[in-house]
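Colleague: Per numbering that gives the first Met the number 0, the very first residue in the sequence shown carries number 0; after that it's consecutive.
Glycine included, C-beta positions come from ideal geometry on N, C-alpha and C.
Sharing a structure with you now.
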Amino acid sequence: MRLSVHRSSGLAVVLVAFALLGASLVAAGNSQSLAEEAGRRTFYVAPWGHDSAGGSAKHPFRTIQHAVGSVPVGSLIRVRKGAYAGFEVQRDGITVAAAHRANVRISGGGDEDVVQFSGVTGGGLRGLDVLGSDIQYG
0 MRLSVHRSSG LAVVLVAFAL LGASLVAAGN SQSLAEEAGR RTFYVAPWGH DSAGGSAKHP
60 FRTIQHAVGS VPVGSLIRVR KGAYAGFEVQ RDGITVAAAH RANVRISGGG DEDVVQFSGV
120 TGGGLRGLDV LGSDIQYG
């Protein structure tokens, strides 16, 4: 299954959350309980991080794209406050979520997809502002 968030001509803020292949679509602001997250490996992204870092809370990655390509299947990626480029997820079960009370903005350039999930099962987005996008399922 493929989910794409495409850039549109107007500026719109779209809060996106989803689950793929048999799971229900849920609202972006809907948070998982701490108990559900406790069993998942958690990694971090921050504007001051480095993609050569390990993705820990003290040594976060710099880009979401690097994080989604590096973390193990089923991981949770917590994104700290800031503005980030769009990204593509090609690994199963990865959830990208804003850190607690963080204002996280994702935007793309040109005609490319802002956020794309390709050929994956599970995972999703939570609490991210995706700027200038429409959701399209295909």
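1. Measure how close the beta-carbons of Ser117 and Glu87 come, nearest whole angstrom, since I'm counting them as under 8 Å.
2. Between Arg104 and the ligand FAD, is the CB less than 7 Å from at least one heavy atom?
3. Pick helix, strand or coil for Ile93, following the three-state DSSP scheme.
4. Would you check if the distance between the CB atom of Gly54 and the CB atom of Gly73 is smaller than 8 Å?
5. Is it right to say Arg125 is buried, meaning 16 or more other beta carbons lie within 10 angstroms of its own, or is it exposed?
6. Quick check: what's the CA-CA separation for Thr138 versus Trp47?
7. Who pairs with Thr41 in a beta bridge, going by DSSP?
8. So which of Leu75, Asp112 and His49 has the shortest CA-CA distance to Ala97?
9. In chain order, what residues of the same chain lie with their CB nearer than 6 Å to the CB of His65, ignoring the 5 residues before and after it?
10. Would you mind reading off the limits of the beta strand (DSSP E) that contains Gly81?
11. What's the gap between the Cα of Ala22 and the Cα of Val119?
12. Expressed to the nearest angstrom, what Euclidean distance is found between the alpha-carbon atoms of Arg77 and Ala84?
13. DSSP has Ser138 in a bridge; who is on the other side?
Modeller: Checking against the coordinates, here is how it stands:
1. Taking 8 Å as the upper bound for CB-CB distance, Ser117 and Glu87 are in contact here, some 6 Å apart.
2. In the structure on display, the ligand FAD does not appear, and there are no ligands present to speak of.
3. Coil.
4. No; because the gap between Cβ atoms is not below 8 Å, this pair is not in contact.
5. Of the other Cβ atoms in all chains shown, 16 or more fall within 10 Å of the Cβ of Arg125; this residue is therefore buried.
6. Limits of the chain in this structure are 0 at one end and 137 at the other, which puts residue 138 out of reach.
7. Beta-bridge partners assigned by DSSP to Thr41: Leu75.
8. The shortest Cα separation from Ala97 among Leu75, Asp112 and His49 belongs to Leu75.
9. So the list reads Asp50, once near-sequence residues are dropped.
10. For Gly81, the uninterrupted beta strand (DSSP E) run begins and ends at Gly81 to Ala84, by DSSP.
11. Residue placement at Ala22 cannot be trusted, given a pLDDT of 32 that sits under 50; the coordinates are not used to answer.
12. If you take the alpha carbons of Arg77 and Ala84, they lie about 15 Å apart.
13. A query on residue 138 cannot be resolved here, the shown segment of the chain reaching from 0 to 137 and no further.
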